[in-house]
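Number of protein chains: 2
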Amino acid sequence: MPIYKAPVEDVNFLLNDVFQIDRYDNLPGFSDASADVREAILSEAAKLSEEVLQPLNRVGDLEGCVRHDDGSVTTPKGFKEAFKQVVEGGWLGLSAPTEYGGQGLPITLSQTVTEFQCSANMAFSMYGGLTVGATAALLVHGNAEQKAMYVPKMVAGEWTGTMNLTEPQCGTDLGLLRTKAVKQADGSYKITGTKIFISAGEHDLASNIIHLVLARIEGAPAGIKGVSLFVVPKFLVNADGSPGARNGVTCGSIEHKMGIHGNSTCVMNYDSATGWLIGEENKGMQGMFVMMNEARLGVAVQGLAQSEVAYQNAAAYARDRLQGRALSGVKAPDKPADPIIVHPDVRRTLLSIRAFNEAARAMVVWTSLKSDLAHRSSDPKDRQDADDHLGLMTPVLKGFLTETGFANAVQAQQMYGGHGYIAEQGMEQFVRDARIAMIYEGANGIQALDLVGRKLPRDGGRAVMAFFGEVGAFAKENAGDEAMKPFVAPLSTALGHLQQATTWLMQNAMAKPDNAGAAATDYMHLFGLVTLGYMWAKMAKVVHGKIAATGPTDYLSTKLVTGRFFMERVLPATTTHLARIQSGSATIMELAAEAF
Amino acid sequence: MPIYKAPVEDVNFLLNDVFQIDRYDNLPGFSDASADVREAILSEAAKLSEEVLQPLNRVGDLEGCVRHDDGSVTTPKGFKEAFKQVVEGGWLGLSAPTEYGGQGLPITLSQTVTEFQCSANMAFSMYGGLTVGATAALLVHGNAEQKAMYVPKMVAGEWTGTMNLTEPQCGTDLGLLRTKAVKQADGSYKITGTKIFISAGEHDLASNIIHLVLARIEGAPAGIKGVSLFVVPKFLVNADGSPGARNGVTCGSIEHKMGIHGNSTCVMNYDSATGWLIGEENKGMQGMFVMMNEARLGVAVQGLAQSEVAYQNAAAYARDRLQGRALSGVKAPDKPADPIIVHPDVRRTLLSIRAFNEAARAMVVWTSLKSDLAHRSSDPKDRQDADDHLGLMTPVLKGFLTETGFANAVQAQQMYGGHGYIAEQGMEQFVRDARIAMIYEGANGIQALDLVGRKLPRDGGRAVMAFFGEVGAFAKENAGDEAMKPFVAPLSTALGHLQQATTWLMQNAMAKPDNAGAAATDYMHLFGLVTLGYMWAKMAKVVHGKIAATGPTDYLSTKLVTGRFFMERVLPATTTHLARIQSGSATIMELAAEAF
Numbered sequence: 001m002p003i004y005k006a007p008v009e010d011v012n013f014l015l016n017d018v019f020q021i022d023r024y025d026n027l028p029g030f031s032d033a034s035a036d037v038r039e040a041i042l043s044e045a046a047k048l049s050e051e052v053l054q055p056l057n058r059v060g061d062l063e064g065c066v067r068h069d070d071g072s073v074t075t076p077k078g079f080k081e082a083f084k085q086v087v088e089g090g091w092l093g094l095s096a097p098t099e100y101g102g103q104g105l106p107i108t109l110s111q112t113v114t115e116f117q118c119s120a121n122m123a124f125s126m127y128g129g130l131t132v133g134a135t136a137a138l139l140v141h142g143n144a145e146q147k148a149m150y151v152p153k154m155v156a157g158e159w160t161g162t163m164n165l166t167e168p169q170c171g172t173d174l175g176l177l178r179t180k181a182v183k184q185a186d187g188s189y190k191i192t193g194t195k196i197f198i199s200a201g202e203h204d205l206a207s208n209i210i211h212l213v214l215a216r217i218e219g220a221p222a223g224i225k226g227v228s229l230f231v232v233p234k235f236l237v238n239a240d241g242s243p244g245a246r247n248g249v250t251c252g253s254i255e256h257k258m259g260i261h262g263n264s265t266c267v268m269n270y271d272s273a274t275g276w277l278i279g280e281e282n283k284g285m286q287g288m289f290v291m292m293n294e295a296r297l298g299v300a301v302q303g304l305a306q307s308e309v310a311y312q313n314a315a316a317y318a319r320d321r322l323q324g325r326a327l328s329g330v331k332a333p334d335k336p337a338d339p340i341i342v343h344p345d346v347r348r349t350l351l352s353i354r355a356f357n358e359a360a361r362a363m364v365v366w367t368s369l370k371s372d373l374a375h376r377s378s379d380p381k382d383r384q385d386a387d388d389h390l391g392l393m394t395p396v397l398k399g400f401l402t403e404t405g406f407a408n409a410v411q412a413q414q415m416y417g418g419h420g421y422i423a424e425q426g427m428e429q430f431v432r433d434a435r436i437a438m439i440y441e442g443a444n445g446i447q448a449l450d451l452v453g454r455k456l457p458r459d460g461g462r463a464v465m466a467f468f469g470e471v472g473a474f475a476k477e478n479a480g481d482e483a484m485k486p487f488v489a490p491l492s493t494a495l496g497h498l499q500q501a502t503t504w505l506m507q508n509a510m511a512k513p514d515n516a517g518a519a520a521t522d523y524m525h526l527f528g529l530v531t532l533g534y535m536w537a538k539m540a541k542v543v544h545g546k547i548a549a550t551g552p553t554d555y556l557s558t559k560l561v562t563g564r565f566f567m568e569r570v571l572p573a574t575t576t577h578l579a580r581i582q583s584g585s586a587t588i589m590e591l592a593a594e595a596f
Numbered sequence: 001m002p003i004y005k006a007p008v009e010d011v012n013f014l015l016n017d018v019f020q021i022d023r024y025d026n027l028p029g030f031s032d033a034s035a036d037v038r039e040a041i042l043s044e045a046a047k048l049s050e051e052v053l054q055p056l057n058r059v060g061d062l063e064g065c066v067r068h069d070d071g072s073v074t075t076p077k078g079f080k081e082a083f084k085q086v087v088e089g090g091w092l093g094l095s096a097p098t099e100y101g102g103q104g105l106p107i108t109l110s111q112t113v114t115e116f117q118c119s120a121n122m123a124f125s126m127y128g129g130l131t132v133g134a135t136a137a138l139l140v141h142g143n144a145e146q147k148a149m150y151v152p153k154m155v156a157g158e159w160t161g162t163m164n165l166t167e168p169q170c171g172t173d174l175g176l177l178r179t180k181a182v183k184q185a186d187g188s189y190k191i192t193g194t195k196i197f198i199s200a201g202e203h204d205l206a207s208n209i210i211h212l213v214l215a216r217i218e219g220a221p222a223g224i225k226g227v228s229l230f231v232v233p234k235f236l237v238n239a240d241g242s243p244g245a246r247n248g249v250t251c252g253s254i255e256h257k258m259g260i261h262g263n264s265t266c267v268m269n270y271d272s273a274t275g276w277l278i279g280e281e282n283k284g285m286q287g288m289f290v291m292m293n294e295a296r297l298g299v300a301v302q303g304l305a306q307s308e309v310a311y312q313n314a315a316a317y318a319r320d321r322l323q324g325r326a327l328s329g330v331k332a333p334d335k336p337a338d339p340i341i342v343h344p345d346v347r348r349t350l351l352s353i354r355a356f357n358e359a360a361r362a363m364v365v366w367t368s369l370k371s372d373l374a375h376r377s378s379d380p381k382d383r384q385d386a387d388d389h390l391g392l393m394t395p396v397l398k399g400f401l402t403e404t405g406f407a408n409a410v411q412a413q414q415m416y417g418g419h420g421y422i423a424e425q426g427m428e429q430f431v432r433d434a435r436i437a438m439i440y441e442g443a444n445g446i447q448a449l450d451l452v453g454r455k456l457p458r459d460g461g462r463a464v465m466a467f468f469g470e471v472g473a474f475a476k477e478n479a480g481d482e483a484m485k486p487f488v489a490p491l492s493t494a495l496g497h498l499q500q501a502t503t504w505l506m507q508n509a510m511a512k513p514d515n516a517g518a519a520a521t522d523y524m525h526l527f528g529l530v531t532l533g534y535m536w537a538k539m540a541k542v543v544h545g546k547i548a549a550t551g552p553t554d555y556l557s558t559k560l561v562t563g564r565f566f567m568e569r570v571l572p573a574t575t576t577h578l579a580r581i582q583s584g585s586a587t588i589m590e591l592a593a594e595a596f
């Protein structure tokens, strides 16, 4: 059976030492998240994830969700009870506004809890995750009545939420969607159409399910400019707030899919279902973007989370599994063979996963802190800077963390040899579950295009210039510090590659957008690598400070070695990405479609 | 439903034009494989794979193999009839010696047929593939009686074969194996022990199963030097050659695994089963190596094969799926959206898979030809050169082709967006099936160690020097050819990186073997990239010649574009691998095992 131990020490290091979130005590909710409160929350979150959610991970994979003839769906054994614990612990409302029953704590904190839950049980965590995303959209774009009707119940976890975008003929290109909305005399709409791939579309965990649905109002313009957002509850809500009559939305079937079997991925049929407009007519994408940006961060965390739990198991296995002898001579003479962790190739594999995980976690905390600043700061300049950062980093986080996270799960599985291919060991489930994160909430190719085509040029490149400025200043400040050399020198080289790539795009992609498209995925990876390199350099700096102040610990020493590994072994890939980007799009665009 | 079309034109190009196998008419069997015979065989092989095997691929995945209470195993519906067709077509004996009923045709030819069958149905093709491997071991190390008793039936496909190495406590390190062999008065042995992960260990496709089993004879030395190889038939063979009494070997259970569900992966229990020694006592690894080298080439082909079929489906989907508009302006104004193949990132993905497939196929043909030369040439120098090549390239083929093949299947799946995650589409099966090829027949980390630790230094580096000499000479000869510049220049750079890496290993790994271990996987990838680069340059040269002679065709023009893509976009990764190799092992070896 797989193991999982929430990385509480690592989270504390990031919150307390690297990002020092106590500095933000002036922001709403931050003073409620003092060090001891954080400690208590993280320790309880760890316990819940390790003891309740993780043991259900394989159960969920084996049993999956079952749709009954009446359209109802049963989740795997134990999910209902576990969800009850999540609800009773108030975990879904951790960062929700206090006026709706939430605890108003920083996203910076709740995102780390999300990581624990995703590591322990990704399929399970999605029921709550989607609810938080739907709540965010309602909070930003819903009217007062809608907020009052839905948000408190969703924050409490009594009701869950979904997002309904995809249809058979439309995924990325939402302008193609056909689901219809017909306005009624009372101001409501009748929604009719079919949505596919709806995560948590139907289940038995909550007394109501609040669907947010993209549809086209009769007579609306074609394309994306005619798309509106609606709230469609499974049960219409009575005047007293209790669930009333069944609405015309049903689960038509559950998809058979590669992984996340514990989450019900539904085909949802809307048959004159009653819905209400959220925000303005034909401005549905605005609300959906709130939800998607929220969700994209969550999906990035899934990539990290699967990489983390896969690493923990692979490392434990490598310490235990006896096979062969060390190249440099016998290490365990009292045993029939050495543990495979003596082998450089095994260590290389483990370190490359770990070096990613720790820096990716830092990147998530950093960006979550910016999210808090963007939403809570009273200073417009701070809000704008934070929002710039958030916009720029969201596609990088989603694309780079999920792709690397998946690749890491595959490498962790590899440490098990043949045993990694066997279901009972659990490693292959991490791979299958992690795979979806590269696809949903905007496939990674779309993230790369969003980065290159939208986020980079936005506001004259203000966000990317701020990032270059920050990293460049860090490198300059620490250039004279001998201990920082193994970090600063490679970071500067990598930053140079990213800047060259950016210049190349400015010079070559304006007139010829195919050059941007051809460069996009490599640019996203290059950006991700430089960001993780910066995270490592920042962390190393903090570690040096702590060691100078209070002496070395195992945790701190390991951190430095892991960081050096990243700079030596992972970061050099920036060279290759730059070369690819600079090769342009001519060859790629040369063939006719039929030639493929 | 997934499609598959055997790449017959591409195989013909390689056999006829690039490697011109008609030049080898003096080798036994080659003159029987004249161009028209090859054409007929490839066309029949294509038909069998496309029409019989491919339609059973998903059936096999869904149904899997079922073990009954009596230990018998039923394969998925249709497998039995399909196997009968394979047997009746003589496909298992294509390259087997004529004196045992085979057709004695070149491996160069039969290996291309293997690719078709693996693309169509990897799990199914393993039943035959393992039989061919077991037959090879019997042919090399079996005595006359053993050969006469087993080989003709195995060549005919009446009986199938297995290889039994792994035990719960021993995978890579076969010296740890515990299965016991006790010599009997009649010269036979009683074999007792448990073997795991035995592919095709029990099934209903053949009237007998011939197990080749590694075991330790009572009183044998400890470790790998006390391991012997035995032949243990499921049914003892009567004097007339018919299957007789049931032997004491049974299938204890079937593993639940990530993929290749159509192949029965068995726990095999040996309970005083009667077996006969193959070759000498305590020299079991020699026979096993024959089988494993055969199998490693076959597994390399599986990597290519899954990449090929995944590519074909992804390309077809990209041509059909309408979503969004081209960055450079609308391409299909009559349709609601453009097909996604207009997007540079989609083309980049497809081309990177295709550029690998075509060069990997060339590498397989090249190496198979060397295998034929090693076995059939009358010139000892030719045999030695060919054997050098085979030894050097086997770990590269196995490790590099399976790892890239898997990554390509993942990328092909990505082209489908959410649909790629859904089982019915078949893309996720390619990923799950391809995954095992990185693991079995020596996990890829072991291949890398074999390359760096054994194959590279062997005979004073004779094999690698010959390879460098050949590639270097090609680059020199074509340096003045303007049309070849896009191929020769990047090839020379990449070869330079490989030579630098090799020099670094010579200087740093002798005294400190951990430097070799830390470099191994990157060195294997670097080697694979350079080899594929060489294949592309060779193919480009041939294409230029053909175009000059008879004018361009779509096939030839596409080949050149695909090749240029490889040189521009794939080959530059050699820089990163070199940097990683040169970073050494110090950081990797620094942490204590407990720190991981």
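Listed in order, the protein sequences are those of chains A and B.
For the first sequence, UniProt numbering begins at 1 and goes up steadily by one.
For the second sequence, UniProt numbering begins at 1 and goes up steadily by one.
Note that CB positions come from ideal geometry on N, CA and C, so glycine has one too.
A quick note: this is a predicted structure, and the numbers were derived from the prediction, not measured.
Excluding residues up to 5 positions away in sequence, 416, 419 lie with their Cβ nearer than 7 angstroms to the Cβ of residue 425 of chain A in the same chain.
Between the alpha carbons of residue 316 of chain B and residue 199 of chain B lies a distance of about 33 angstroms. When Cβ pairs closer than 8 angstroms are counted between the two stretches, the segment 530–543 of chain A is seen to touch the segment 8–25 of chain A, the count reaching three or more.
Taking a C-beta cut-off of 7 angstroms against chain B, the contacting residues of the segment 255–282 of chain A are 255, 256, 257, 258, listed in chain order. DSSP places residue 579 of chain B outside any beta strand (DSSP E); the residue lies instead in the alpha helix (DSSP H), whose first and last residues are 573–582.
Membership of residue 110 of chain B in the alpha helix (DSSP H) is indicated by the continuous run 107–120. Per DSSP, the unbroken alpha helix (DSSP H) holding residue 587 of chain A starts and ends at 586–590. Secondary structure remark: continuous beta strand (DSSP E) runs of at least 3 residues inside the segment 132–176 of chain A, in chain order: 159–164. Around the CB of residue 3 of chain A, fewer than 16 other CB atoms lie within 10 Å, so the residue is classed as exposed. Cβ-Cβ separation between residue 452 of chain B and residue 523 of chain B: approximately 5 angstroms, consistent with a contact (criterion under 8 angstroms).
The alpha carbon of residue 184 of chain A has as its nearest neighbour, out of A/273, A/143, A/101, the alpha carbon of A/273.
A buried status is given to residue 339 of chain B, since no fewer than 16 other beta-carbon atoms sit within 10 Å of its beta-carbon.
In the same chain as residue 471 of chain B, and ignoring 5 residues on each side of it, the C-beta atoms closer than 8 angstroms to its own belong to 491, 495, 530, 534, in chain order.
When beta bridges are read from the DSSP output, residue 198 of chain B appears opposite B/266. Distance from the CA of residue 75 of chain A to the CA of residue 260 of chain B, rounded to the nearest whole angstrom, comes to 28 angstroms.
Annotation for residue 446 of chain B: the continuous alpha helix (DSSP H) segment containing it runs 444–449.
With the criterion set as a beta carbon lying under 9 angstroms from some beta carbon of chain B, the members of the segment 514–525 of chain A are 514, 515, 516, 517, 518, 519, 520, 521, 522, in sequence order. If you draw a 10 Å sphere on the C-beta of residue 558 of chain B, you find 16 or more other C-beta atoms in it, and that means buried. The beta carbons of residue 394 of chain A and residue 293 of chain A sit about 6 angstroms from each other, so the pair counts as a contact at 8 angstroms. Ranked by Cα distance from residue 321 of chain B, the first of A/176, A/120, A/60 is A/176.
Between the segment 205–216 of chain B and the segment 227–236 of chain B, the count of C-beta pairs closer than 8 angstroms reaches three or more; the two stretches touch. Rounded to whole angstroms, the gap between the alpha carbons of residue 364 of chain B and residue 450 of chain B is 19 angstroms. The beta carbon of residue 328 of chain A falls within 8 angstroms of a beta carbon belonging to chain B, placing the residue at that interface. Judged by beta-carbon spacing, residue 398 of chain A lies beyond the 8 angstroms limit of residue 309 of chain A, meaning their Cβ atoms are not closer than that value. Comparing alpha-carbon positions, the option among B/304, B/291, B/235 lying closest to residue 117 of chain B turns out to be B/304.
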